[in-house]
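Going by this note's numbering, the first residue of the sequence shown is number -13, and it counts up by one from there.
All remarks here apply to the structure that follows.
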Amino acid sequence: MTSDSAQHPYTVVAFSGSIRSGSSNTGLLHLAARVAPPELRVMIDTTVVDLPWYDPDLEGSLPDVAADWRRTVEDADALVIGLPEYNFGPSALAKNAIDWLTRPLGQHALRGKVIALVTSGGGGGGSRVQGTIAPVLSLLGNTVVEEPVVQIARGAERLSADGTTDDSEIVDVVTAKMAALLVALRAR
Ligand code: FNR
């Protein structure tokens, strides 16, 4: 074991479902990386923006970017997903990135992962979107970290894309989420 892996025994891949330049969901990931316990090595992955639309016809000959994305997740212990709520559901980008991880059946990339969903939404705080995704993820043989719920109302007004915020409530809940992620990883 290298000294780096001794300090960071768990690899966490984080991706944002928003490509907006000022994205507060991306901001939640940067904040999560900053406040994570030292045992977590959080890597923010942006390759999901280059994924083509999921297409079962491509399963026999995966585009390189899709193969890389699956390998990145397979090699990780956990995922943090910055999941925007668009029209009561996930953004198309987030859903597409997840769909690429869910096939082939029986050999998908999500088995055994610990997954934390964090959402910055509009006035409603994105209170519906996690309920549409979490049950599907749970069916795939992983652990979804339920508590604490991170649903930030009007997050774009409270959090920058680099994770800067002067709102201690946001810092505290994201810190607690990352601590819960570590607990779930240790319990696997
Ligand atoms: C939204 N927004 C939104 N918010 C919410 O809480 N529930 C919703 O159903 C929707 N629907 C919705 C649809 C579309 C097309 C857009 C563009 C926005 C608001 C949205 O969640 C908010 O602007 C977030 O700040 C977007 O995330 P980023 O870009 O800051 O990461």
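Just so it is clear, CB atoms sit at the ideal spot from N, CA and C, and this is done for glycine as well.
Beta-carbon proximity of R174 to G127, cut-off 7 Å: no
What span of residues does the beta strand (DSSP E) with I138 cover, start to end?
Where I138 is concerned, the enclosing beta strand (DSSP E) stretches over 136 to 138.
Please report the Cβ distance between L17 and V157, rounded to the nearest whole angstrom; I am assuming they are in contact, meaning their Cβ atoms lie under 8 Å.
7 Å
- Item | Coarse secondary structure for R27, derived from DSSP in three states | strand
Among L171, D50, G149, A170, the one whose alpha carbon lies nearest that of V21 = G149
Less than 6 Å separating the Cβ of F1 from some heavy atom of the ligand FNR?
No - the ligand FNR has no heavy atom lying nearer than 6 Å to the Cβ of F1.
Original post:
Looking only at C-alpha atoms, which of T105, I101, Q137, G108 sits nearest to V121?
Top reply: Here residue 121 is Pro; the residue named in the question, Val, does not match the sequence. Ranking T105, I101, Q137, G108 by Cα distance to P121 puts I101 first.
Could you work out which residue in P49, Q(-7), S2 is closest to P76 when comparing CA atoms only? S2
* Asked: What do you get for L87, buried or exposed, if any count of 16 or more other CB atoms within 10 angstroms of its CB means buried?
  -> buried
Short of 6 Å in beta carbon distance, which residues of its chain neighbour S(-11), apart from the five on each side in sequence? Order them along the chain.
Bear in mind that the predicted position of S(-11) carries a pLDDT of just 45, short of 50, making it too unreliable to give a figure here.
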